[in-house]
Every structure is written in structure tokens, then in C-alpha cells.
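Here is the structure we will look at.
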Amino acid sequence: MAEDNLCKTGIEELDLQVSGGIPTGSTVLMVGSSGSGKTTLCMQFLINGAKLGERGVFFTITEPLFKLTKNMEGFKFYDKKLIESGMVNLIDLRIISERLGLNTEKYSIEDAAALLDVLRDIADELNVKRLAIDSITALCYRLQTKEMIRDFIFKLGSSLAAMKCTTFLTSEVPPRTFQYSQYGIEEFIADGIIFLGDIERKGDLIRTFQIIKMRGIPHSRTKFAMSISSKDGVELAPLLKSKA
Amino acid sequence: MVTLIDSLKERISNAVTVNQSVGILLPGNNYTEFIQALLEFIRVRPQDAWVYVSVTKPYENIAKQFGDLSNYKNLKFIDCISRASGISKTYPNCTFIESPTMLEKLGLEITNTFKEVDENVSKYLVIDSLSTLIIYNDLDIVTEFFYQLANKTRARNIHSMSLVIEEEDTNKYLNKLIYLNDKILKVRDSFI
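Protein chains in written order, with the numbering used here: chain A, 1 to 244; chain B, 1001 to 1192.
Next comes the structure, spelled out in C-alpha cells:
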């Protein structure tokens, strides 16, 4: 695939594993339990994009913005100026819901559609190239029935495909389970799935990273050890195979 | 009069500058002399870049025993043991790994530290020690780590020095593992 059609995450080893970058316009499901590094990976993806001149939006529904920025300030990759200049926009979907007069805890199908419209309008208006929604699970949790969730997910999939920006959707799963989503539907709108897990070695938890699928590009399916440090953010190293 | 330290410095010099990887079989009672000789050798080679991975002793203890290590501009430490021992102090020339079981993280830190060094500078890595690593990890995983590290250092033209502290019950397999190196240096009192 031509370089122009690839979206470089800026995470060196990740880009190497997907032949240089994620196909532009893809929707990637970032699956993991609490503490697996989903939010940090999404933020690093957006910040690195902004450094390349690609505007990004981070929609959160799980964490207040002040907490999110406070957590990110410790990372060397984080650049406050990119937030202040609008190259990376942080938007709390609960505040948007309030402004739209929606019940922030329970969405009807109309509420969800209204929220999707706003999301699309923001992305269009800002000419966004990279998007992160943290998390799809928390969004779906506010919908009342499986049918509503299914309908919402497919509409979201169509909207994201139309927007042509590369999107990371985070999906929360219980720890130590190998499933991609809470509702079993989220993975069907995804072009790519990245699974963040952990393994226990002598009582210590080692974060792991594995690309399950990435449509349209040859990619590795090797399991990596994932390190998150304030200096280097997310880094990957091949996981040692020997059992502890 | 030639001392053990002088003799060790000379042997370190002969071994590490010529060979890509050197395994050091070191009796426990010569550990202190060897580290002293190594640090003195590093100090007189400011043109080289050294990374010292410490699993045996916390950085703080090494610094207390061998003097102010922050003066060594050509030496960076990666300490795998302080955090696991509940020591939380930080030092500018030392990176701390949470636990000696986090071998992938250790590999990343070694790579990252050498990345900051100019390409034309000769690079040296010290692993102190493989025998301590197997206290915290299973032998299989240390072997895999060591193979991976040996391949990586060779590919990047980094000289390596891996220590095995010999005790009466030194694991025979570990003795074999160290023979993966290009050269083995057996430290003996008879060096003097």
C-alpha cells in the first residue's frame, strides 16, 4: 500500500507490524481490560498525528477531561500546546449530551442518533484525520436493548466509514478474558482489532499487545510485551515465549 | 607490584575490545575486585559508551561501594533490583526497571539507552549477572532472553560482557549458556 494511504501511529514497533501504518480511514477496535493501556495508546496516536499535522479528536465518556489531561501530563510525548492550538481536541460526550438536553445515563435511539450527528459534525468541521472514542462500551451501556446497541453500532460504523478518518474505538472487556467486546457486535464494524491483555510472570503483570486483524494490509499476529513509561509512552518488544 | 585489580583490568581490556561478546565466570569472593576493575577500566575510556545492567546489587549500593558514579559521563545504569527491593530513590544516570522479571522491558531500555549514543562511538553492555537473573526467573526464559539479547547486540555492533557468579551449586546449564559468548574469561586468584 502506498505511504500516502497509511496512517502512521508514531509508535515505531506498531507501525512496523502493520507494514508501515494503519490503512487510512480504518476503524480499529482497541480491546482491553482496565489498566491495559487503551487510553494512553489512543492519546499517543492522536498526539503523534498532530505532530505530523493531522488534526485529531478524542471523545471520552469514561473519564472527566481534567483527569485525562492530568494523567497525560506525565508523558513526554504529551504536548499541551497541541491541545491549546486545537490540533488535538478533547471532548467529553457527557457534556455534549447535557447540552443537547439528553439524559446522560440513558440514551434512546433518537438520542444516540443525535449524538452521532454531533460527532460527525465536529469531525467534519474540524477536518479531523484521526479520531478516538473512549469507550464504545460505555456508549453502548447507555442504550437499553441489544437491538438499540446493534442499530447504534452499525450506524456508527457507517458514519465512521463516511468520515474517512482513522479511528480508534476502545472496547472494555473483563480481565483475563479473550473476547473483543462486551456486546459481541462492536468487532463487526472494525477493520482492525488490537487486543491488549496481560500475563502473569512470577506474580508480576506484563502488559501484552497483539494485532488480531487489520484489513487491507499484511500484519504480524505476534504477541508483544507492551511497556508504558513516562519517557517513551507505549513501546513494544516481542514477548518472550518461555512459560514462567 | 601487580595487584588483582590491575590484572583484571588488563584481562578485561584484552577480552572486551577484541571480542564481540565475553562471558565472565566469576567466583563470588572476587566479585568486588572484578567490579572495581571494570569501573576503573570504564573510567579511563571516556570515548566509549557503556550500559551497566545491575541485577545483583542496587545502584545505590554500587555507588556507595565504588564512589560517585555520576562522574562517569560514559556510563549509564539500568537497575533491575532496587524497585523490587523497595528502594525508591532516583538518580539521573540510572533507569529503574520495576522487577527483574520484566525482561522485555529490560531489553527495551538497553536498546533505548544505546539509541541515544552516536553511531560512531564504541558501545559496551555489561550484564551483572545472568546467575542473579535466574534467581528471579526460570532458566528457560533467561536463556531465551540471552539469545535474543546476543542477536540484538551483535546486529547493532554492541560489545557485551555477561557475568556469571560462580558458587558451589552454580547451575550447569548456565555454565553452558555463557559459552554462547565469543570468549570466556574465568576469573581466578592465580591472575596475579
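Every residue gets a Cβ at the ideal spot worked out from N, C-alpha and C, and that includes glycine.
Values in this document were obtained by computation on a predicted structure and should not be read as measured data.
- Sorting A:GLY101, A:MET30, A:GLU73 by C-alpha distance to the C-alpha of A:GLY233 places A:GLU73 at the top.
- Rounded to the nearest whole angstrom, the C-alpha separation of A:SER242 and B:LEU1026 is 27 Å.
- Contact between B:SER1129 and B:VAL1016 does not hold, since the beta-carbon distance rounds to 16 Å and is not under 8 Å.
- Under the Cβ distance rule, B:PHE1145 counts among the residues neighbouring chain A, one pair being separated by less than 8 Å.
- Taking one beta carbon from each stretch, the region 119 to 137 of chain A and the region 160 to 172 of chain A have 3 or more pairs nearer than 8 Å; the two touch.
- Contact annotation, B:VAL1053 with B:ILE1078: C-beta distance approximately 5 Å; criterion of less than 8 Å satisfied.
- Here the region 63 to 70 of chain A makes no contact with the region 207 to 221 of chain A; the two share fewer than three CB pairs at distances below 8 Å.
- For B:SER1099, the chain A residues whose C-beta falls within less than 7 Å of its own C-beta are ASP204, listed in chain order.
- One finds nothing in chain A with a Cβ atom closer than 7 Å to the Cβ of B:GLU1166; even the nearest lies about 24 Å away.
- Taking a 10 Å sphere around the C-beta of A:GLU84, we find fewer than 16 other C-beta atoms and assign the residue as exposed.
- By the neighbour-count definition (other C-beta atoms within 10 Å, threshold 16), B:LYS1009 is a buried residue.
- Residue-level contact by beta carbon fails for B:ASN1151 and chain A, as no gap is shorter than 8 Å.
- Our two residues, A:PHE45 and A:GLY10, have alpha carbons roughly 7 Å apart in a direct line.
- Closest in alpha carbon position to B:ILE1178, among B:LYS1152, B:ARG1154, B:TYR1147, B:ILE1158, is B:TYR1147.
- At a cut-off of 8 Å between beta carbons, B:TYR1179 makes no contact with chain A.
- Per DSSP, A:LYS80 is not a residue of any beta strand (DSSP E); the alpha helix (DSSP H) it occupies stretches across 80 to 84.
- B:THR1090 and A:ASP124 have their C-alpha atoms roughly 47 Å apart.
- Boundaries of the alpha helix (DSSP H) harbouring B:ALA1063: 1059 to 1066, taken from the DSSP string.
- With a cutoff of 8 Å on beta-carbon distance, B:ASP1048 and B:VAL1121 are scored as near each other.
- B:ASN1071 and B:VAL1051 have their C-alpha atoms some 14 Å from each other.
- Counting of Cβ neighbours within 10 angstroms places A:VAL28 among the buried residues, the total reaching 16 or more.
- For A:ASN89, the enclosing beta strand (DSSP E) starts and ends at 88 to 92.
- Assigned with DSSP and collapsed to three states, B:ALA1049 falls in strand.
- Collapsing the DSSP output to three states places A:GLN210 in a strand.
- Each of B:PRO1046, B:GLY1023, B:ALA1155, B:GLN1065 was checked against the Cα of B:THR1111, and the nearest Cα belongs to B:ALA1155.
- For A:ALA132, no CB of chain B lies under 8 Å from its own CB, so it is not counted at the interface with that chain.
- With fewer than 16 other beta carbons inside 10 angstroms of its own, A:GLU3 counts as exposed.
- With the rule of 3 Cβ pairs closer than 8 Å, the region 145 to 162 of chain A counts as touching the region 183 to 200 of chain A.
- For A:LYS155, not one C-beta of chain B is nearer than 8 Å to its own C-beta.
- Shown here is that no member of the region 2 to 16 of chain A has a Cβ falling below 8 Å from a Cβ of chain B.
- Around the beta carbon of A:VAL173, 16 or more other beta carbons sit within 10 angstroms, so the residue counts as buried.
- Counting C-beta atoms within 10 angstroms of its own C-beta, A:SER230 has fewer than 16 neighbours from the protein chains shown and is therefore classed as exposed.
- Within the region 1058 to 1085 of chain B, no residue has its Cβ closer than 8 Å to any Cβ of chain A.
- Residue range 136 to 141 is occupied by the alpha helix (DSSP H) that includes A:CYS140.
- Closest in alpha carbon position to B:LYS1176, among B:SER1131, B:ASP1118, B:ILE1158, is B:SER1131.
- In this chain, B:ASP1079 is not harboured by any alpha helix (DSSP H); it is covered by the beta strand (DSSP E) spanning 1075 to 1079.
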